[in-house]
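Asks: Numbering (our numbering), first residue to last: 3 to 204.
All residues carry an ideal CB built from backbone N, CA and C; glycine is no exception.
Please read all numbers here as calculations on a predicted model, not as lab measurements.
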Ligand SMILES: [Cu+2]
């Protein structure tokens, strides 16, 4: 509630100072906090992405869920199969009833090969076609921009191969980077603990 001045009150009635009738304000402050995106949020990236389901989305569309993200390419024979296994290993340790508050996101670094169709096939082959899995195809520049935020480095080293960092990143529901694990088959206790903590906080 607000009167003509700048003060706002939780109750209806009249302003105890100026005695004017209070009017309902458009939005209460709690609601405004929920809509706020901090400067550090990946939701500030305005690029568009194609999902494996053929939808066009902004990263902001992922808002509201804890995010576990990794950058891969589907034809990788070396590191990516192990990164995918690591993602599934993390998934296994999350209580089933909490998976709805979580989104696992795999961003391709090879948008030429990894079309939405190709990503869909890859998702099915790897039993990652549940609704809590999302695969994204971007453009060369949107992928590079996203990688920079994650401090992921990658480089095309042959027509079919890339060298790349092996990093799994955890974001809170506001799109802020909270935790990263680097390496393949590393101890993921801390990652799982962080994810569950973020889900419970949300
Ligand atoms: Cu790889």
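Please go through the stretch 35–103 and give each complete alpha helix (DSSP H) segment of 4 or more residues, from N-terminal end onward.
Replies: The qualifying runs are 81–94.
Asks: How long is the line joining the alpha carbons of residue 122 and residue 108, rounded to whole angstroms?
Replies: On the chain shown, position 120 is the one that residue 122 refers to. On the chain shown, position 106 is the one that residue 108 refers to. Straight-line Cα distance between these residues: approximately 12 Å.
Asks: Pull the bridge partners of residue 173 from the DSSP assignment, please.
Replies: Taking the chain shown and counting its residues from 1, the one referred to as residue 173 is at position 171. Residue 173 pairs with 69 and 179.
Asks: What's the gap between the Cα of residue 76 and the Cα of residue 39?
Replies: Here residue 76 refers to the residue found at position 74 when the chain shown is read from its first residue. Here residue 39 refers to the residue found at position 37 when the chain shown is read from its first residue. About 32 Å.
Asks: Taking Cβ positions, are residue 156 and residue 144 nearer each other than 8 Å?
Replies: The count along the chain shown starts at 1 and reaches residue 156 at position 154. The count along the chain shown starts at 1 and reaches residue 144 at position 142. No. Outside cutoff.
Asks: Would the beta-carbon of residue 118 fall within 8 Å of that of residue 139?
Replies: As a working mapping, residue 118 is identified with position 116 in the chain shown. As a working mapping, residue 139 is identified with position 137 in the chain shown. The answer is yes: Cβ separation under 8 Å.
Asks: Starting from the Cα of residue 141, find the closest Cα among 83, 84, 69 and 59 and give me that residue.
Replies: Walking along the chain shown from the start, residue 141 turns up at place 139. Ranking 83, 84, 69 and 59 by Cα distance to residue 141 puts 59 first.
Asks: Does the beta carbon of residue 162 fall short of 7 Å from some heavy atom of ligand 1?
Replies: Translated into the one-based positions of the chain shown, residue 162 becomes position 160. Outside the cutoff, so no.
Asks: Quick check: residue 85 and residue 148, are their CB atoms within less than 8 Å of each other?
Replies: Translated into the one-based positions of the chain shown, residue 85 becomes position 83. Translated into the one-based positions of the chain shown, residue 148 becomes position 146. Cβ distance not < 8 Å, so residue 85 and residue 148 don't count as in contact.
Asks: Helix or strand or just coil, what does DSSP make of residue 115?
Replies: Position 113 of the chain shown, counted from the start, is the residue given in the question as residue 115. Looking at residue 115 - three-state DSSP - the assignment turns out to be coil, as it is neither helix nor strand.
Asks: In the DSSP assignment, find the unbroken beta strand (DSSP E) run with residue 136 in it and report its ends.
Replies: Taking the first residue of the chain shown as position 1, residue 136 is located at position 134. First-last of the beta strand (DSSP E) with residue 136: 135–139.
Asks: Helix, strand or coil for residue 157, going by three-state DSSP, please let me know.
Replies: Mapped onto the chain shown, residue 157 falls at position 155. DSSP places residue 157 in strand when its eight states are reduced to three.
Asks: I'd like the list of long-range same chain contacts for residue 124, defined as Cβ closer than 6 Å, with 5 residues on each side in sequence excluded.
Replies: Counting from one through the chain shown, the residue named residue 124 turns up at place 122. Closer than 6 Å at Cβ, skipping near neighbours: 76.
Asks: With residue 144 as the anchor, note down where its beta strand (DSSP E) starts and where it stops.
Replies: Taking the chain shown and counting its residues from 1, the one referred to as residue 144 is at position 142. Where residue 144 is concerned, there is no enclosing beta strand (DSSP E), although the alpha helix (DSSP H) it sits in stretches over 142–152.
Asks: Shortest alpha-carbon distance to residue 71 belongs to which of 203, 197, 161 and 202?
Replies: For the purposes of this step, residue 71 is taken as residue 69 along the chain shown, with counting starting at 1. Of the candidates 203, 197, 161 and 202, the one whose C-alpha sits nearest the C-alpha of residue 71 is 197.
Asks: Using three-state DSSP, classify residue 200 as helix, strand or coil.
Replies: Your numbering for residue 200 matches position 198 in the chain shown. Helix, per DSSP.
Asks: Compare the C-alpha of residue 112 against each of 146, 128 and 132 and name the closest.
Replies: By one-based count along the chain shown, residue 112 stands at place 110. That would be 146, whose Cα lies nearest to the Cα of residue 112.
Asks: May I have the straight-line CA-CA distance separating residue 99 from residue 56, to the nearest angstrom?
Replies: The sequence position of residue 99 within the chain shown is 97, counting from 1. The sequence position of residue 56 within the chain shown is 54, counting from 1. Looking at the two C-alpha atoms, the distance is approximately 27 Å.
Asks: Which of the three DSSP states, helix, strand or coil, is assigned to residue 188?
Replies: Locating residue 188 in the chain shown gives position 186, where the first residue counts as 1. In this structure, residue 188 counts as coil in the three-state DSSP scheme.
Asks: What residues in its chain sit with their C-beta under 7 Å from that of residue 103, if we drop five residues either side in the sequence?
Replies: Position 101 of the chain shown holds residue 103. For residue 103, where only same-chain residues beyond five positions count, the Cβ hits under 7 Å are 67, 68, 201 and 204.
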